[in-house]
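As you go down the protein sequences, you meet chains A, B and C in turn.
Counted the way our numbering counts, the first sequence spans residues 1 to 31.
Counted the way our numbering counts, the second sequence spans residues 32 to 246.
Counted the way our numbering counts, the third sequence spans residues 247 to 461.
Below is one structure, written out as C-alpha cells; the observations come after it.
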Amino acid sequence: MSAEYLAQEKIWFDKHRYDEAERQYYERMNG
Amino acid sequence: TLYTYPNYWRSYPALIAAQYSGVQINIVSEPLESDAFLSRFPFGKTQVPVFEGEDGFQINEGTAIAHYVSPESLRGSCLQDSALVQQWVNFANSEIVPSVATWVYPTLGAADYNKQATERAREHLQGVLSVLEEHLKTHTFLVGERVTLADISVVCALLLAYTQVLDPPQREGYGSVTRWFCTCVQQPQFSQVLGEVQLCEKAELASATASEMDF
Amino acid sequence: TLYTYPNYWRSYPALIAAQYSGVQINIVSEPLESDAFLSRFPFGKTQVPVFEGEDGFQINEGTAIAHYVSPESLRGSCLQDSALVQQWVNFANSEIVPSVATWVYPTLGAADYNKQATERAREHLQGVLSVLEEHLKTHTFLVGERVTLADISVVCALLLAYTQVLDPPQREGYGSVTRWFCTCVQQPQFSQVLGEVQLCEKAELASATASEMDF
Chain A
1 MSAEYLAQEK IWFDKHRYDE AERQYYERMN G
Chain B
32 TLYTYPNYWR SYPALIAAQY SGVQINIVSE PLESDAFLSR FPFGKTQVPV
82 FEGEDGFQIN EGTAIAHYVS PESLRGSCLQ DSALVQQWVN FANSEIVPSV
132 ATWVYPTLGA ADYNKQATER AREHLQGVLS VLEEHLKTHT FLVGERVTLA
182 DISVVCALLL AYTQVLDPPQ REGYGSVTRW FCTCVQQPQF SQVLGEVQLC
232 EKAELASATA SEMDF
Chain C
247 TLYTYPNYWR SYPALIAAQY SGVQINIVSE PLESDAFLSR FPFGKTQVPV
297 FEGEDGFQIN EGTAIAHYVS PESLRGSCLQ DSALVQQWVN FANSEIVPSV
347 ATWVYPTLGA ADYNKQATER AREHLQGVLS VLEEHLKTHT FLVGERVTLA
397 DISVVCALLL AYTQVLDPPQ REGYGSVTRW FCTCVQQPQF SQVLGEVQLC
447 EKAELASATA SEMDF
C-alpha cells in the first residue's frame with residue numbers, strides 16, 4: 001500500500017490533548 | 032433535553048437549529064459527572080452535548096443533534112443540497128475546528144501555548160478562509176439560497192476565531208466571509224442563542240511566558 | 247467520476263455505498279496534482295476524494311460523497327435513524343480516525359513514530375472499541391436492522407486498525423465488534439470494493455529505531 005498520499009493527510013494527532021483541555025476548561029469555567 | 036456545559040460552542044448548532052424548527056429544548060448543565068448520567072449515556076461525558084427526547088430517544092454529538100432538531104429546510108431539501116450540507120459540516124469538523132482550537136484555546140488559558148503549533152494553525156485557517164472566500168464571493172449562503180446546517184456549523188466552528196483572534200488585519204482579504212458571518216449571526220435564530228457577537232478588535236494573545244510544550 | 251488515490255480508505259465508503267445503490271462510479275486516479283485539477287476543485291488535493299456527477303455536480307469529502315451516492319435506506323429511512331447515522335459517521339471521523347492514523351500510519355511509513363502518541367492512540371481506540379462493544383452486544387448493526395452509512399463509515403475507519411495492528415490479543419474483549427466487522431466486510435457490496443479482508447495476525451510495528459519526534 002502506498003503511504004505517500006497518507007503522508008499528505010492532515011491528521012490532528014493532538015486531538016486528545018485539545019479534547020481534554022477543552023473539557024477541563026469548560027468544567028472549570030462552570031465550577 | 033440537552034445536557035451540556037453552559038455557553039458551549041459545540042451546543043450552539045443544535046440550539047440554533049431548534050430556533051428554526053420551534054423544537055423546545057430544555058438545557059441541563061449538571062450533574063454531568065454522576066453515575067446516573069454516565070450509566071444512561073454510554074458515551075459518557077466525553078460526548079457532551081447529549082440529547083434526550085421526550086420519548087427517550089438519545090443522540091450524541093452536536094452536529095447529529097442539530098440534524099435531529101432541524102426542519103428539513105436546514106438539512107437540505109433535495110439530495111444534492113443535503114450532500115452539500117454534509118460536505119460543509121464535515122469541513123467544519125475536520126478542517127476548521129482543529130485549527131481554531133489550536134490557535135484560540137491557549138489565548139483562553141485552556142491549553143498550553145506552542146508557537147510553532149499556533150503558527151501552523153493560523154496558516155491552515157487562512158487556507159480555510161480562502162476556500163470560503165472564493166465560495167462566498169458568488170454565494171450568499173453556503174448551500175442554496177438560505178441558511179442551512181452548513182452555515183450554522185461553519186459559523187459556530189469559526190465563532191471563537193472571529194471573537195478572539197481574527198482582528199481587522201487578520202480579517203483583511205476575507206471580506207465575503209466576514210459579510211456572510213455577520214449576516215448569519217444577526218439572524219434572529221442565531222442571536223437568540225449567541226447573543227450579540229462582537230468581532231475581535233484586538234487579537235487575544237497567549238502568554239508567551241507560559242510554559243511552552245512541544246506537541 | 248471519483249477522483250481519488252488508488253486503494254484509498256477514505257474513498258471506500260462512497261464506493262461501497264454505490265454498490266448498494268447501483269450508481270456507476272468511474273475512478274480516476276490522476277492527475278490529482280495538476281493545475282487543471284486544482285483549478286476545477288477549489289478544495290484542492292487536500293480534499294481527495296472528489297466526486298463529479300455527469301451533470302457537473304461536484305462534491306468533496308468521502309462521507310458527503312457516500313451520502314450522495316447512497317440509496318435512502320443507507321442514509322436512514324426516518325429522521326431518528328438518519329440522525330443516528332450522522333452520530334456514528336461523526337464518531338468515526340472525530341473519535342476513530344485520528345487514533346487509527348496516529349497508531350497505524352507510522353507502521354506504514356506514512357508518519358514518524360512517537361511512542362507516547364502511539365500509546366495514547368492505542369488507549370483511546372480501546373475506549374472506542376469498548377463503546378462499540380457495548381452497543382453491538384445488543385445490536386446486529388449500528389443503526390436499525392440492516393447496514394447503513396453508519397456501519398460503512400465506522401468499518402472503513404477501523405479497516406487499517408483491524409488489518410495492521412489489532413492482532414488477536416488486541417482484539418480480546420471486543421468479540422461483538424469483531425463479529426460485526428466481519429459480518430460487514432463479508433457483505434458482497436463491501437467485498438466488491440475491499441476484496442478479502444485479512445484480520446491482523448501479527449501486529450505491524452513502526453520501527454523503533456526511526457527518528458522519534460514529539461508531535
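In this text, a Cβ means the ideal position worked out from N, Cα and C, and glycines have one as well.
Those residues which DSSP pairs with residue i across a bridge
i: B:ILE58; result: B:LEU33
i: B:VAL81; result: B:TYR34, B:ASN91
Check whether residue i and residue j have beta carbons under 9 Å apart
i: C:VAL346; j: C:ALA407; result: yes
i: B:THR94; j: B:PRO37; result: no
i: C:LEU445; j: C:THR424; result: yes
i: B:ALA188; j: A:ARG17; result: no
i: B:GLN50; j: B:GLN217; result: no
i: C:PRO344; j: C:SER267; result: no
i: B:PRO80; j: B:ARG41; result: yes
i: C:ILE305; j: B:GLN118; result: yes
i: B:VAL174; j: B:VAL116; result: yes
i: A:ASP14; j: B:THR133; result: yes
i: B:PHE82; j: B:LEU33; result: yes
i: B:ILE47; j: B:GLN220; result: yes
i: B:SER113; j: C:HIS313; result: yes
i: C:GLY419; j: C:LEU451; result: no
i: B:GLU92; j: C:SER319; result: no
i: C:GLN410; j: C:THR353; result: yes
i: C:LEU412; j: C:ALA449; result: yes
i: B:TYR39; j: A:TYR26; result: yes
i: C:GLY299; j: A:ALA7; result: no
i: C:SER323; j: C:LEU378; result: no
i: B:GLU5; j: B:PRO199; result: Any question about residue 5 of chain B goes unanswered here, given that chain B covers just 32 to 246.
i: A:GLU4; j: B:TYR136; result: no
| said: At 4 residues or longer, what runs of the alpha helix (DSSP H) sit wholly inside the stretch 367-455 of chain C? | reply: Those alpha helix (DSSP H) runs which fall completely within the stretch 367-455 of chain C and span 4+ residues are 395-410, 414-417, 421-431, 434-440.
| Relative to chain B, which residues along the stretch 351-377 of chain C have a C-beta separation below 7 Å, given in chain order? | VAL377
| Pairing CB atoms from the stretch 136-154 of chain B with CB atoms from the stretch 177-184 of chain B, are three or more of them under 8 Å? | no
| Entirely enclosed beta strand (DSSP E) segments - the stretch 299-365 of chain C, minimum 3 residues | 304-306
| said: I want to know whether the stretch 22-31 of chain A touches the stretch 376-389 of chain C - three or more CB-CB distances under 8 Å. | reply: no
| field | Near-chain A residues of the stretch 34-48 of chain B - C-beta to any C-beta below 7 Å | value | TYR36, PRO37, TYR39
| message | At a CB distance below 8 Å, what residues from the stretch 299-310 of chain C approach chain B? Give them in sequence order. | response | PHE303, ILE305, ASN306, GLU307, THR309, ALA310
| request: Below 7 Å between beta carbons is the criterion; list the residues of the stretch 335-350 of chain C that meet it against any residue of chain A, in chain order. | output: PRO344, ALA347, THR348
| message | What are the residues in the stretch 13-26 of chain A lying within 8 Å of chain C by C-beta distance? | response | PHE13, ASP14, LYS15, HIS16
| query | Using a beta-carbon distance cut-off of less than 8 Å, what residues from the stretch 100-118 of chain B approach chain C? | reply | LEU110, GLN111, SER113, ALA114, LEU115, GLN117, GLN118
| Interface positions of the stretch 48-61 of chain B facing chain A (Cβ-Cβ less than 7 Å), listed along the chain | SER60
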